[in-house]
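Position in the sequence shown (first residue = 1) + 2 = our numbering.
Heads up: the structure comes next, in structure tokens.
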Amino acid sequence: MECTASRRLFNEVIVPNYSPSPIIPVRGAGSHLWDQEDKEYIDFAGGIAVNALGHCHPELVQALHKQSQKLWHLSNAWTNEPALRLAEQLTKATFAQQAYFSNSGAEANEAALKLARKYAKDHFDPEKTEIIAFDNSFHGRTLLTVSTGGQPKYCKGFEPLPGDITHLPYNDLASVEYHISNKTCAVIVEPIQGEGGVIPAEPLFLEGLRTLCTQHNALLIFDEIQTGMGRTGNLFAYQNYEVIPDILTSAKALGCGIPIGAMLTTKAIAESFTIGSHGSTYGGNPLVCAVASKAFELINDPAVLSGVKQRQRMFQSKLELFNQKIGLFSHIRTEGLLIGCELQTKWHGKALALKQLAEQEGVMVLTAGPNILRLAPSLIIPPKDISQGLEHLTTAMLALKMDF
Ligand SMILES: *Cc1c(COP(=O)(O)O)cnc(C)c1O
């Protein structure tokens, strides 16, 4: 079996909507990965901000093992202890009072947007249906969430799209002020655009959105699927701002590699989801919730969160130092351990080439569009792995310069 699993087989048996790397990782531990040839890599990709505690964290392995021998799945005709525990952890640590569990980020956003539409109809006006979202944002790939995201190329070919979604420029409060009305039911925003290139919202922008939403009885939805669960050094990024959303969505690092998403909100808003109005067969299943609950306990720890800030400083200073010598990047943005390195104009379009060179040198990285190298490593990556990975990355940066 193992010998037939090759990158070539992928082209034969898997739908071609992805273009994975030529190597196939087979094993991981902490911030290290090994491929089929037993070549070792430092992991700065973190499964796209998912593996916040690295690979196969012993306490997560134990939580999974323990629950796997007790109870895997029930459906939502019965509640279960791990889901209740996780909901209690999430609501105690945030503004929220109630949680809805899904299997992915897109589904958490889908639930948030459906809830916002329903809430507006329940309390205000049947025509209060407009969703305001922002250019270059990313909210998932279901038809509603992809239409809400601000990248038209992801919607092309899938029309007709769900209606009444307005896209405005990110960080441009004046345009929201101009467009928002009593027909707006929700404003959805990433506090830091992740796929869009690690672009943080300005505090005044989020504060202004809060005021405008309150004035127009629209719900403010923070998509924290990438920025949440300790990524920025706080449990959620909204805690870095003086703004409290009405709905917050989480996924990615929530399960640290187990598929789960969550929509968090207040009791008053949650009431618009009445019995039977929304649901999911797997949502909040005991196996995933047991792991997510342990992950939450491990991440929501002052030492882990302040460790994110320390590691951020290490990445920032080292990347700046290397870049002074090599001069590939125009900007290096670190938002906790969400890191975006923007290529200079001269190197535009080369982010993927740099990612491939980095992999050859033994470090896994991500891109965010054609011009931005993105890193989203484990929140507990050991400093020596940071140094080693950055050395490999520097070699790749030099190789990119030589090649072109
Ligand atoms: C990844 C991501 C999503 C989609 O999550 P999936 O689990 O892939 O559905 C939505 N919003 C943001 C900000 C993300 O980073």
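Idealized CB from N, CA, C, for every residue including glycine.
Please read all numbers here as calculations on a predicted model, not as lab measurements.
Only residues of its own chain outside the window of five on either side were considered, and among them I246 have a CB closer than 7 angstroms to the CB of F97, listed in chain order. The stretch 209-222 makes no contact with the stretch 281-289; the number of CB pairs closer than 8 angstroms stays below 3.
Here the alpha carbons of K352 and S332 stand approximately 13 angstroms from one another. In this structure, the straight-line span from the alpha carbon of K311 to that of L170 is close to 32 angstroms. Distance check between K120 and each of A110, T131, N111 places T131 closest, using alpha-carbon atoms only. Boundaries of the alpha helix (DSSP H) around I271: 269-272. Ranked by how close their Cα comes to the Cα of V63, the residues L88, G32, E129, S77 have G32 in first place.
Restricting attention to D124, F317, A54, I26, the CA atom closest to the CA of K41 is found in I26. Taking C-beta separations shorter than 6 angstroms and ignoring five residues to either side along the sequence, the partners of T144 in its chain run A108, E112, following chain order.
Taking all protein chains in view, the Cβ of T229 is crowded by 16 or more other Cβ atoms within 10 Å, so the residue is classified as buried. CA-CA distance, A370 to I227, rounds to 15 angstroms.
A Cβ-Cβ separation of about 7 angstroms places L221 in contact with I271 under the 8 angstroms criterion. In this model, V365 and T397 are separated by some 10 angstroms (Cα to Cα). Taking a 10 Å sphere around the C-beta of T150, we find 16 or more other C-beta atoms and assign the residue as buried. Per the coordinates, the alpha-carbon of Q217 lies some 18 angstroms from the alpha-carbon of T268. Under DSSP, Y156 takes part in no beta bridge, so it has no partner. Looking at the backbone, the Cα of V15 and that of V28 are separated by about 19 angstroms. By the criterion of at least three beta-carbon pairs nearer than 8 angstroms, the stretch 245-264 is not in contact with the stretch 156-167.
Beyond the five residues adjoining it in sequence on each side, L402 comes within less than 8 angstroms, by CB distance, of L330, W349, K352, A355, L356, L359 in the same chain, given in chain order. For D37, the secondary structure class from DSSP, reduced to helix, strand or coil, is strand. By the neighbour-count criterion, in which a residue is buried when 16 or more other Cβ atoms sit within 10 angstroms of its Cβ, L11 is exposed. Restricting attention to alpha helix (DSSP H) runs no shorter than 4 residues, the stretch 56-127 encloses them at 60-70, 83-94, 107-125, ordered along the chain.
If you check the C-beta of K116 against ligand 1, you find no heavy atom less than 8 angstroms away.
Below 8 angstroms, enough C-beta pairs join the stretch 291-300 and the stretch 52-63 to call them touching: three or more.
Y284 is bridged by DSSP to nothing; it lacks a bridge partner. Proximity of the stretch 379-389 to the stretch 65-74 falls short of the contact definition, fewer than three beta-carbon pairs being nearer than 8 angstroms. Taking 9 angstroms as the cut-off, the Cβ atoms of M231 and A118 do not count as close. DSSP, read as helix, strand or coil, puts L377 in strand. Straight through space, the alpha carbons of I133 and H125 are spaced by roughly 16 angstroms. Boundaries of the alpha helix (DSSP H) harbouring S319: 304-328, taken from the DSSP string.
Residue pairing of G32 in beta bridges, as defined by DSSP: H57. No heavy atom of ligand 1 is found nearer than 8 angstroms to the CB of K348.
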